[in-house]
Structure formats: structure tokens, C-alpha cells
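Visitor: To convert, take the position in the sequence shown, counting from 1, and add 2; that gives our numbering.
Beta carbons are placed, not taken as given, at the ideal position from N, Cα and C, and that holds for glycine.
Attaching a single structure in C-alpha cells format; questions to follow.
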Amino acid sequence: MSKPTAPKTPDAIVMPPATDFSRRGVLKAGLAASTLGAASLWNSAEANDPKVLNYLSWPGNADPSIVGEFEKQYGVKIRIKEYVGGDQMMAVVNQSPPGTFDVVLADAEYMHLLKAADFIEPLDPADYPLKDLFPEFQKFPLHWFDGKLYGVMLDFGYLGISYNTKAFTPKEVSSYSVLWSEKAKGKVGFFDWYLPSMGCISLSNGNRPPYDLDKAKFEALKKKMFSLKPQASGFYTIADIFSSMTNGRAQLIPGIGEWITLGLRTSGVPVDTIIPEEGGLQYTESLSIVKGTSKRDLARKFIQYSLTPRAQVAMATKVDNKKSIPSMPAWKLLNDTKPQEAKLLRMELKGPNVMDEYKAKKIQLRQLPKQQSIEEWNDLWSQFKAL
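Have a look at this one:
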């Protein structure tokens, strides 16, 4: 299996594996310094065990509330290898021998790199309930290459400005220009990952799409970013974002969304997320089958299970790190069984919901840079931090 050279991994997104992705779990994980090599070890015997499904994923997705029913139904154990950030995922792919994993959950913008690495295999669309998904997601562009399907959407969410509702009003944060305001000086926090943070700054500069920039637009993005540095309160890991928004050190953070603020708000922290008038980003988490797995049928069944209404509702309503889900039958089940959660998640069948921003064309897909390399964007991010 050929593999790409792993792109540079931002220091801030290297975290030790967490047993859950709740606020408590992430904070606990973030307290210890760790390197990729310190992650859990794998051996070939365990990788080949027909009763074990080896899963490469963001943290928290093997929680018993999500996968317990699948494990019981098929008499298997799901063993998860966790990463934080797509660049770290590619580093894991680069270091793992063939046969290590059976299923991978990836941010959709990295799927073409996984395909180029010959790490994932094409899927038969007939095997999956794609017609259950909202029409906008049935032929999701980041999942298809040369007419072949390589991934299935598990969940999604929007990224804009997350803010302290006691310090700023919705009107004040209706534009990214608030980040440069005198009121925001020293109060703008940054998620220390170039992709969402620079994507939102690019949107603020009028770039649609935000990642397809010629030389002049990229230089303009650099100037725009550098002008924002005096406003910065810091550059944060995921764990630090939770704490900085809780203690008020950061009152505005571009490039994050309700996957963080919903959990904090239900804990009494006065925060919310808004998609500014210049638009927001959509992150998309997608499931694929790893090429060469000896458990292809089990992997296929796991993806099918993950798109069932019950599994989708479980994914959406985790205690923290709540997500939007693409399955229409799952939305109905959520509204029928957990109407208050449906309201909180803005997934009500009647009235405004999370699909409104998508239909209004306020949302741009988070993607990798088009005209520059990943390294060029990462280098610019490092320059910005070092100012």
C-alpha cells in the first residue's frame, strides 16, 4: 500500500487518546503532554481478530452509547485508535502497516488524500441508505471520485464565531468585522488549527470559496490575518477552548461551532455560536472502509448500522460534542422521542433548523487548500502565531 508523506502536524492538535470526547474527557486528556508515538499500541494478532473491528476515528465515537448495540448484535468488539485533527490522522495512516484498521472516520476534506494513499476502497452506493439523507448530502461532492463513492456522511456541523453572550450581542457578532473591534482587543481566541481558523478569516475577506485562493488573494489573507494578531488572547487546544470560554479569557473564537458551545451552554456557560453574514464553514465526518481489510463485510455492516435512525440519534445527543445528523428518518425519530433535544440541536421538523443556513447558501465546505500546499498554509499560520 503506497502512502503519502504525512503533512506537518500542528503541535496544538496532538493530544493523547481520550476515553470520551465530553468536556470532562477532553480536559482530562489535554492535561498531559503526549506525542503520537505514545498512543495505544497495536499488534497484528489483534488486528486480524475476526471479532474485533479496528476503528480509526476522532475521540469518543466508540462510546458504548453509540456502538454498544452493534457490538451486542454481531458479537464483536470495536477497538478505536483516536486522533485529533486530519493532519494527525494522515500521520497515523503513514505509520500504520496494511491491515491495521478496518474502518476510518475522516473529515471529508481529507478523503482525497486517503484515496491517493490507496488507504480506502470504493463503496457500493446500493449498500447504504443514501436516499435517507437530505437531498443536499446524497451526492456529497467530497465523497465521490471519478463517479465512485468512497465515504458516507456520519454527521456534520457549522463553524462561524462562538462568543460570550454576556459580552457581545448577536447583532455585534453578525459580521466577522467584530474580531477587529476595539471591544474585542485581547479577547479573540483561536483554535490552534490552521484549517478552520484561516478558513473563517478568508471568508471575512470576501473569499468564496475560502480555500481556493490565487497568489494575490493569499497575500491579502496574510495581511488580514496579521492585522488581527493584536486582538488575540491566545491559541488553544480543544481542551483550552473549553476552559478559556468558561473563564471568559476568550470571548470570541472564529472557526469553532456548536459542537463546543452546546455542551458548555447546557452546563450554564453563557456562550453561543453564530454564522456571520459573510458565511460559515461546514465540517463533515465520514465513514470509509479501509482497503485490504479482512473484515470487509463487518465494516460494511458497521457503516450501515451507523446510519440507522437509532445510531444517528445516539450520535447527535451525546452528553457533549453534539452533532448535526444527515438522516431524515433519524430527524423524525429524534423529534418523536426527544423533542427537547431536537429543539436544542435545531433539528426540528417544523420551523427553523440547521438546514436553513445550507439552503441559504451561507455555508462553504471546509476543504484543503486548492492553489497552495498544506505546508504553505501551515507555515503562514505559524508566522501568525509567532508575531
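Taking the alpha-carbon of Asp-65 as reference, which of Phe-139, Leu-351, Ala-316, Leu-116 has the nearest alpha-carbon?
Guide: The candidate whose alpha carbon is nearest that of Asp-65 is Ala-316.
Visitor: Round the Cβ separation of Gly-62 and Ser-326 to the nearest angstrom and send it over; I've been treating them as touching at under 8 Å.
Guide: Rounded, the Cβ-Cβ distance is 16 Å, inconsistent with contact.
Visitor: Which same chain residues, not among the five before or five after Gly-101, have their C-beta less than 8 Å away from its C-beta?
Guide: These residues qualify, in order along the chain: Ser-46, Ala-49, Asn-50, Gly-294, Thr-295, Ser-296.
Visitor: Are the beta-carbon atoms belonging to Leu-156 and Leu-55 less than 8 Å from one another?
Guide: For Leu-156 and Leu-55, no; Cβs fall outside 8 Å.
Visitor: Buried or exposed for Lys-141, please, with buried defined as at least 16 other CB atoms from any protein chain shown within 10 angstroms of its CB.
Guide: By the 10 Å Cβ count, Lys-141 comes out exposed.
Visitor: Confirm, please, whether the CB-CB distance from Ser-204 to Leu-181 is below 8 Å.
Guide: Taking 8 Å as the Cβ cut-off, Leu-181 and Ser-204 do not qualify as a contacting pair.
Visitor: What does Tyr-146 pair with, by DSSP beta-bridge criteria?
Guide: The sequence shown places Trp at residue 146, not Tyr. BP columns for Trp-146 point to Leu-151.
Visitor: Does the contact criterion of 3 or more C-beta pairs under 8 Å hold for the stretch 351–368 versus the stretch 198–214?
Guide: Cβ pair count under 8 Å is three or more, so yes.
Visitor: If you count every other CB in all the chains shown that lies within 10 Å of the CB of Gln-90, and 16 or more means buried, which is it?
Guide: Answer is buried; the Cβ neighbour count reaches 16.
Visitor: Applying the 10 Å Cβ sphere with the 16-neighbour rule, what's the burial state of Phe-386?
Guide: The residue in question, Phe-386, is buried, as its Cβ has 16 or more Cβ neighbours within 10 Å.
Visitor: Out of curiosity, what's the CA-to-CA distance linking Leu-351 and Val-105?
Guide: Near 32 Å, if we compare the C-alpha coordinates of Val-105 and Leu-351.
Visitor: Considering only DSSP beta bridges, list what Asp-216 is partnered with.
Guide: Looking at the DSSP assignment, Asp-216 forms no beta bridge with any residue, so it has no partner.
Visitor: Can you tell me the Cβ-Cβ gap for Leu-144 and Ala-110, rounded? I've got them flagged as a contact below 8 Å.
Guide: That pair is a contact at about 4 Å.
Visitor: Please list, in chain order, all residues of the same chain as Ser-177 whose beta carbon is under 7 Å from its beta carbon, the five residues on each side excluded.
Guide: The answer, listed in chain order, is Pro-278, Glu-279, Glu-280.
Visitor: Tell me whether Gln-369 sits in a helix, a strand or coil according to DSSP, three-state version.
Guide: Of the three classes helix, strand and coil, the one that applies to Gln-369 here is coil, per DSSP.
Visitor: If you check the beta carbons only, do Phe-192 and Phe-220 fall under 8 Å apart?
Guide: Going by C-beta atoms, Phe-192 is not nearer than 8 Å to Phe-220.
Visitor: Between which two residues does the beta strand (DSSP E) carrying Lys-244 extend?
Guide: The question names Lys, but residue 244 is Phe in the sequence shown. First-last for Phe-244: 240–249, but that is the alpha helix (DSSP H), not the beta strand (DSSP E).
Visitor: Which partner residues of Arg-81 appear in the DSSP bridge assignment?
Guide: BP columns for Arg-81 point to Asn-56.
Visitor: Our contact map puts Glu-123 next to Ile-291 with C-beta atoms below 8 Å; I'd like the distance itself, whole angstroms only.
Guide: Indeed they touch by this definition, with Cβ atoms about 5 Å apart.
Visitor: Quick check on the burial criterion: 16 or more other C-beta atoms within 10 angstroms. Buried or exposed for Glu-260?
Guide: Under this definition Glu-260 is a buried residue.
Visitor: Within the same chain, show all residues whose beta-carbon is closer than 6 Å to that of Ala-252, passing over the 5 residues directly before and after it, in chain order.
Guide: Within the same chain, Ala-252 has close Cβ partners Gly-191, Ser-235, Ser-246.
Visitor: Compute the Euclidean distance between the alpha carbons of Pro-52 and Phe-170, then round it to the nearest angstrom.
Guide: Whole-angstrom Cα-Cα distance: 54 Å.
Visitor: Per DSSP, what are the beta-bridge partners of Gln-284 in this structure?
Guide: Partner(s): Tyr-160, Leu-367.
Visitor: When the Cα of Trp-428 is compared with those of Asp-358, Gly-70, Glu-343, Met-200, which residue comes out closest?
Guide: The question about residue 428 has no answer here: the residues shown for the chain are numbered 3 through 389.
Visitor: Which residues does DSSP list as the beta-bridge partners of Asn-197?
Guide: A small correction: the amino acid at residue 197 is Leu; Asn does not occupy that position in the sequence shown. DSSP output for Leu-197 lists no bridge partner at all.
Visitor: Between the alpha carbons of Leu-300 and Ala-318, how many angstroms are there, rounded?
Guide: Going by the C-alpha atoms only, they are around 23 Å apart.
Visitor: Which parts of the stretch 253–298 are runs of the beta strand (DSSP E), unbroken and 3 residues or longer, counting only runs that do not cross its ends?
Guide: Here the runs fully enclosed are 254–259, 273–276, 282–291.
Visitor: Restricting to runs no shorter than 3 residues, where is the beta strand (DSSP E) found entirely within the stretch 79–125?
Guide: Qualifying beta strand (DSSP E) stretches, in chain order: 79–84, 105–109.
Visitor: Residues in its own chain within less than 8 Å of Glu-287 by CB, not counting five upstream and five downstream?
Guide: Only Trp-60, Leu-107, Ala-108, Asp-109, Ala-110, Met-155, Leu-156, Asp-157, Phe-158, Lys-325 meet the Cβ criterion.
Visitor: Can you round the beta-carbon distance between Leu-283 and Cys-202 to whole angstroms, since I take them to be within the 8 Å contact cut?
Guide: With a Cβ gap of about 7 Å, Leu-283 and Cys-202 count as contacting.
Visitor: Return the CA-CA distance between Met-227 and Lys-185, expressed in angstroms with no decimal places.
Guide: When rounded, the distance between both Cα atoms is 18 Å.
Visitor: Go through its chain and collect everything with a Cβ distance to Phe-139's Cβ below 6 Å, but skip five positions before and after it.
Guide: The answer, listed in chain order, is Met-155, Pro-328.
Visitor: Output needed for Val-69: all residues of its chain with C-beta closer than 6 Å, excluding positions within five of it in sequence on either side, in chain order.
Guide: Hits under 6 Å: Ile-80.
Visitor: Buried or exposed for Gln-233, please, with buried defined as at least 16 other CB atoms from any protein chain shown within 10 angstroms of its CB.
Guide: Buried: at least 16 other Cβ atoms inside 10 Å.
Visitor: Would you say Phe-244 and Leu-266 are within 8 Å of each other, going by their C-beta atoms?
Guide: Going by C-beta atoms, Phe-244 is nearer than 8 Å to Leu-266.
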